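No gaps in the numbering here: position 7 of the sequence shown is 7 in UniProt numbering, and each next residue is one more.
All C-beta atoms in this analysis are idealised placements derived from N, C-alpha and C, irrespective of residue type, glycine included.
Being a predicted model, the structure only gives us computed values, none of them experimental.
Accompanying notes for the structure given below.
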Amino acid sequence: MTYGFDLDARLEQRDARNLRRHLEVAESVSARTRFADDPKGGPPAFGDEMVVFASNNYLGLADDGRVQRAAELGARTVGTGAGASRLVTGDTRVHRALERDLAACKGTERALVFSSGYAANIGTIDALAPDVVFSDELNHASIIDGCRVGASETVVYDHCDPEDLRDKMETRAAEADVDEQWLVVTDSVFSMDGDIAPLSPLADAADEYGAWLMVDEAHATGLFGDGGGGVVQHKGLSDRVDVQLGTLSKALASQGGYIAGDEALVEYLLNAARSFVFSTGLSPSSAATAREALRIARETDRATELWDTVATLRDGLETMGYEVLGETQILPVVVGDRGDALELAERLRDHGVVAPAIRPPTVPEGTSRIRVAPMATHSADDIAQCLDAFQSAGAAVGVL
Ligand code: PMP
Numbered sequence: 001m002t003y004g005f006d007l008d009a010r011l012e013q014r015d016a017r018n019l020r021r022h023l024e025v026a027e028s029v030s031a032r033t034r035f036a037d038d039p040k041g042g043p044p045a046f047g048d049e050m051v052v053f054a055s056n057n058y059l060g061l062a063d064d065g066r067v068q069r070a071a072e073l074g075a076r077t078v079g080t081g082a083g084a085s086r087l088v089t090g091d092t093r094v095h096r097a098l099e100r101d102l103a104a105c106k107g108t109e110r111a112l113v114f115s116s117g118y119a120a121n122i123g124t125i126d127a128l129a130p131d132v133v134f135s136d137e138l139n140h141a142s143i144i145d146g147c148r149v150g151a152s153e154t155v156v157y158d159h160c161d162p163e164d165l166r167d168k169m170e171t172r173a174a175e176a177d178v179d180e181q182w183l184v185v186t187d188s189v190f191s192m193d194g195d196i197a198p199l200s201p202l203a204d205a206a207d208e209y210g211a212w213l214m215v216d217e218a219h220a221t222g223l224f225g226d227g228g229g230g231v232v233q234h235k236g237l238s239d240r241v242d243v244q245l246g247t248l249s250k251a252l253a254s255q256g257g258y259i260a261g262d263e264a265l266v267e268y269l270l271n272a273a274r275s276f277v278f279s280t281g282l283s284p285s286s287a288a289t290a291r292e293a294l295r296i297a298r299e300t301d302r303a304t305e306l307w308d309t310v311a312t313l314r315d316g317l318e319t320m321g322y323e324v325l326g327e328t329q330i331l332p333v334v335v336g337d338r339g340d341a342l343e344l345a346e347r348l349r350d351h352g353v354v355a356p357a358i359r360p361p362t363v364p365e366g367t368s369r370i371r372v373a374p375m376a377t378h379s380a381d382d383i384a385q386c387l388d389a390f391q392s393a394g395a396a397v398g399v400l
């Protein structure tokens, strides 16, 4: 009998299934940067400059001077770290200012920031403790983990399919003999397919049963809607979505997550969400960063530059003969075979373009793809380099 862990054996199993990942060091988070293989403790040896189409820093604000100055100012005037849970002494004026801005942007009474979007999802679903969570089959891992943490039962409905949701609710309603609390949860923009959830029909289905609707706007905040309020705000559904959630770590160039909703929701979560109560408050400098990025997203037409880049890339890739999924800033270029996708990603790198291959189990067998995520800061040269790389690499791999 042994009672220890053999991690080398576990890693070998991952190797055997081609699931072993390796870290790579980036010199910066800019649209162009240099990378080094995992230095394993030593200093990184950076290679040639690459153009990056693999970041969620969609508005390119993470190295914007105004946002960097806001981070510095937050750190200098309030402090680098919150020092304690928000409920102890870690609640500062910069957190409150950010929450006021988020609530205004989302069209809700209040907002509450968490130390990450992951923590916001886990803490919120766990604290709401629904009897049943109805969850889209392609929801993000942090939603899936939120469903796992609590004692809720999870019913998975077909991707973006309100009819399937309705059928599953009907089945469950026929089985239940006591009143239950139901939560329907969906991403608004799906990160691997780049599509948008049919929020209106989902809200109708939820309404029919008096269920709550929760929408994760991680990939929509700062990009969709007037002033970046997300898809919910864009579609005028702020009053019909009970819980809006998002991250500060993508278009808002910072770190942290948020929920937005009515007064009672925020007041309840700040008492009951364990990832809020028992975790140190978001750092003041992260809060200040997100606040400035949100201001820029709301007051300038930065997203327009991103949408122009998205249109040029989609058009160029489709003209070459690639199938490009979705309708958002995320461009999944379908290759099919997982080996082809890996080879294509490798060859794109040889052309100085970083865009990852996404393979099963992340996506279904036969739909391996390259996920192209442009930033507002990509130049015309960057876009041309990306398209040229797809042309020659695609021809070399034989997928064109
Ligand atoms: N929800 C979705 C849809 C996401 O894509 C992510 C991050 N990849 C998260 C939540 C988690 O956010 P964070 O990175 O802030 O933990």
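Counted within 10 angstroms of its Cβ, other Cβ atoms place residue i as buried (16 or more) or exposed
i	result
Asp8	exposed
Gln329	buried
Leu128	buried
Phe134	buried
Pro361	exposed
Leu19	exposed
His219	buried
Pro43	exposed
Ala338	Note that residue 338 is Arg in the sequence shown, not Ala. Buried is the call here.
Ala303	buried
Leu183	buried
Val178	exposed
Tyr322	buried
Residue i - DSSP class collapsed to helix/strand/coil
i	result
Arg274	helix
Val241	coil
Gly90	helix
Phe53	coil
Arg5	According to the sequence as given, residue 5 is Phe; it is not Arg. Phe5 falls in the coil class under three-state DSSP.
Met214	strand
Ser85	strand
Val266	helix
Glu323	strand
Phe390	helix
Leu112	strand
Val178	coil
Gly246	strand
Thr362	coil
Ala45	coil
Residue i - containing beta strand (DSSP E), residue span
i	result
Ile125	Run containing Ile125: none in the beta strand (DSSP E); it sits in the alpha helix (DSSP H), 117 to 128.
Glu24	24 to 26
Asp187	182 to 187
Ile259	257 to 261
Asp204	Segment 199 to 209 is the alpha helix (DSSP H) holding Asp204; no beta strand (DSSP E) there.
Per DSSP, the bridge partner or partners of residue i
i	result
Glu153	Val132
Pro332	Arg371
Asp37	Glu24
Arg10	Answer by DSSP bridge pairing: none, since Arg10 is not bridged.
Residue interval of the alpha helix (DSSP H) (run including residue i)
i	result
Val67	65 to 77
Asp340	338 to 350
Any contact between the region 226 to 236 and the region 197 to 214? By contact I mean 3 or more CB pairs, one from each, below 8 Å.
When C-beta atoms of the region 226 to 236 are compared with those of the region 197 to 214, three or more pairs fall below 8 Å, so the two segments count as touching.
So, does the region 287 to 294 touch the region 138 to 145, judging by three or more C-beta pairs under 8 Å?
Because the criterion of three Cβ pairs below 8 Å is not met, the region 287 to 294 and the region 138 to 145 do not touch.
Touch test, the region 272 to 290 against the region 97 to 113, Cβ-Cβ under 8 Å, three pairs minimum:
Short answer: they touch.
Evaluate the contact criterion for the region 315 to 322 versus the region 343 to 363: three or more CB pairs, one atom per stretch, below 8 Å.
In the pairwise beta carbon analysis, the region 315 to 322 is classified as not touching the region 343 to 363: fewer than three pairs are separated by under 8 Å.
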